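Residue numbers for the sequence shown follow UniProt numbering, so the first one is 1 and each next one is one higher. For each residue, glycine too, the CB sits at the ideal point set by N, CA and C. Values in this document were obtained by computation on a predicted structure and should not be read as measured data.
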Amino acid sequence: MRILLCSSIRDNDSPDIFAHVERCRHPRAPSPLHFADGSQNEISDQHLSATETVIQFFAPNPGCGNTKPWVAVWPSDASEPYLADYKVWQYVEPTSGLKPHTVKFNNTELGIGEYKAAFVCEDGRRSPWMVSETFKVGPVPCEYEGWCAHRAGQYNNAWMYTACDKVAHELCEGCQLGLKCVACRDCIAQCGLSDDIDIGFGDLSR
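So, in structure tokens, the structure goes:
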């Protein structure tokens with residue numbers, strides 16, 4: 001049986017939507033770990049968007065020698081070394097300076113479950129040199145025409161809805177303070193809006 005993950009909606013929402021919504025809360029996503037200066041291998045941020053798991057990291061010294069560093073996602077109960085089958089993977093590049101690199105994993109490809117991302121070397125040993133916090137991928141929310149589904153916040157995984165005609169002037173306005181840029185970006189895509197919406201100091205690349 002499919003579980004609907006549709007949380008509270010604005011007070012002027014359609015009664016038809018209310019009739020199909022089951023309100024519930026999703027566990028909070030990991031918060032920003034701490035300020036990273038780029039001098040060591042570390043994950044500086046991880047969060048969930050509407051469709052992806054996003055991890056930002058520094059890797060000035062992966063220690064892989066002549067082999068390539070890569071990252072993959074395993075079920076959270078996988079143990080070191082990570083010899084079990086992974087869900088998805090991709091190569092990563094070493095970082096330099098204060099600009100982190102970003103990897104994104106499609107939640108549909110991962111499927112429902114609890115996971116962690118491990119950074120390893122292409123040397124056959126799969127001994128991790130960096131591991132993310134555990135994150136949870138749940139069922140997708142209901143879809144309703146004229147509405148977009150988005151996370152309540154960058155570090156709060158509860159699902160919320162915003163009417164497409166209010167995205168630019170309500171949801172994306174919060175992005176001026178860097179609060180809802182992820183939700184703003186997700187709704188621009190879902191509603192087919194122009195990506196040149198004026199959001200002031202917001203950063204849609206996050």
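Between the options, which lies nearest to residue i when the distance is taken from Cα to Cα?
| i | options | result |
| --- | --- | --- |
| Gly108 | Pro139, Lys166, Gly153, Gly65 | For the sequence presented, residue 108 should be read as Thr rather than Gly. For Thr108, the nearest C-alpha among the options comes from Pro139. |
| Thr134 | Thr67, Lys68, Val54 | Val54 |
| Gly113 | Gly124, Ser76, Ile43, Asp123 | Ser76 |
| Arg151 | Ala189, Cys172, Lys180 | Lys180 |
| Asp123 | Pro62, Ala163, Ser132, Cys191 | Pro62 |
| Asn157 | Asn66, Leu48, Gln40, Ser39 | Leu48 |
| Thr102 | Ile43, Asn66, Tyr115 | Ile43 |
With distances taken between CB atoms, is the gap from residue i to residue j smaller than 9 Å?
| i | j | result |
| --- | --- | --- |
| Ala117 | Ala72 | yes |
| Cys121 | Lys68 | yes |
| Thr51 | Asp186 | yes |
| Trp70 | Phe119 | yes |
Just verifying my parser: in three-state terms, what is the DSSP assignment at residue i?
| i | result |
| --- | --- |
| Asn12 | A caution first: Asn12 carries a pLDDT of 41, below 50, which makes its placement in the model unreliable, though a value can still be read off. The answer is coil: DSSP assigns Asn12 none of H, G, I, E or B. |
| Thr108 | helix |
| Pro141 | coil |
| Gly97 | coil |
| Gln40 | coil |
DSSP beta-bridge partners for residue i?
| i | result |
| --- | --- |
| Gly124 | BP columns for Gly124 are empty, so no partner. |
| Ser91 | Sequence check: residue 91 is Tyr here, not Ser. Trp70. |
| Trp147 | Ala163 |
query = Where are the alpha helix (DSSP H) runs, 4 residues long or more, that stay fully inside the segment 155–196, in chain order?
reply = Taking only runs of at least 4 residues, the alpha helix (DSSP H) segments lying wholly in the segment 155–196 are 181–191.
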